Structure formats: structure tokens, C-alpha cells
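Input: a single structure, listed below in C-alpha cells.
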């Protein structure tokens, strides 16, 4: 007899597995880190209080509600820097239609201008869950149960050693403003 697992729990377990595998792979790079780093060194936490949608939510298909409006979007995430450019993370958020959602990802971050080391660009990709029927078609590569894959580009600025901000580009739909705190 199998016990059904709630999709959110399944997503969390998957994210934990992805992060543990990614961190295990990064352990070979630990010789480059300074001696006695903090246990939280390399971890960042983020919060997004605001998302700007390019347009109002509008009915695009017969099965979508007639009077839909975008809901308030927020996000919290945790991210681990694996080496100079690689990272892995997990985000929990409320999507544009008020559905609890998750995003487990792997990505890369670069400082494109040596004259402005505070500036960074980031690209993440991974598994997303939460855009369920009737909103499953609002993002590409997603199924009716809310499981899909996605990629999210971002550009950001590190204000100092700990604090930074970034702008996540959410396809043709929105821009998400995010504040990050990095532990050293």
C-alpha cells in the first residue's frame, strides 16, 4: 500500500535532494575556501516584496476564469554558492494567481564588468511546481498538475559584502524585484 505524498512535500524533498547532490559535488572545491569558514558561508537568503506585471491578467482560454486579476506575488528563497560561478537554490512563492509554488534550481552567476564588480548577471534553471489548472498554460513547459521546467535570467547589484538586490525577468509576464542577504 503506497501513501500519497502532497505535491508541495514532494517538491521540497526534490529540492533537498538537488541541493545535497550539488553541495556534495562542490565539496571538491572546498580546498579553495579559507580555513574555518562559517557553516553558513556561501548561503544567501532572498525576499521579493514586489512583482511588476507588464499587463493585467486576461482570459486566454475557455477554461480560465472570466474575471481573473493578478494576485499579490511574494517570494522567499535560499541559495548556496557552490564555487565562483555555480549555485543551487530553492524558492517558495505565491504565484500571480495566488497558488503556492516552488522552484528548485541550479544556475550560474557572473560579474560581466571588471570595472564594476558589484554588478552581476545570473541564469537559473530547474523544476517549477504550482501553476495548476486552470493556470497551467500561463507558463510554458508546464503540465495540468502544475509541474514544469523553467529558466529565469536576472541582473543584480551587491551593495556591500552582505546586501544585494536583483531583478528577475519572468518571461513576457513580469519583473520581480528581490533583496538578498549573503552570509560570509
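Residue numbers (this note's numbering): 2 to 185. All residues carry an ideal CB built from backbone N, CA and C; glycine is no exception. In this text, all values refer to a predicted model and were calculated from it rather than measured experimentally.
- According to the DSSP assignment, residue 156 belongs to the beta strand (DSSP E) that extends over 148-159.
- Annotation: the continuous beta strand (DSSP E) that includes residue 128 extends over 120-130.
- Straight-line spacing of the CA atoms in residue 173 and residue 99 works out to 19 Å.
- Note: residue 89 is bridge-paired with 81, 107 in the DSSP secondary-structure output.
- Straight-line measurement puts the Cα of residue 54 at about 25 Å from the Cα of residue 182.
- Rounded to the nearest angstrom, the Cβ distance from residue 168 to residue 156 is 6 Å, consistent with a contact under 8 Å.
- Put simply, the backbone Cα of residue 121 is about 16 Å away from that of residue 177.
- Judged by DSSP in its simplified three-state form, residue 54 adopts strand.
- The residue among 92, 142, 42, 147 with its C-alpha nearest the C-alpha of residue 48 is 92.
- Boundaries for residue 43: no beta strand (DSSP E) harbours it, and the DSSP string shows neither H nor E there.
- Here the C-alpha atom of residue 104 lies approximately 22 Å from the C-alpha atom of residue 164.
- Between residue 102 and residue 137, the CB-CB gap reaches or exceeds 9 Å.
- Minimum Cα-Cα distance from residue 147 among the listed residues 140, 133, 72 corresponds to 133.
- Residue 167 has 157, 179 as its beta-bridge partners, per DSSP.
- By the 16-neighbour rule on beta-carbons within 10 angstroms, residue 106 is buried.
- Rounded to whole angstroms, the separation of the alpha carbons of residue 161 and residue 125 is 23 Å.
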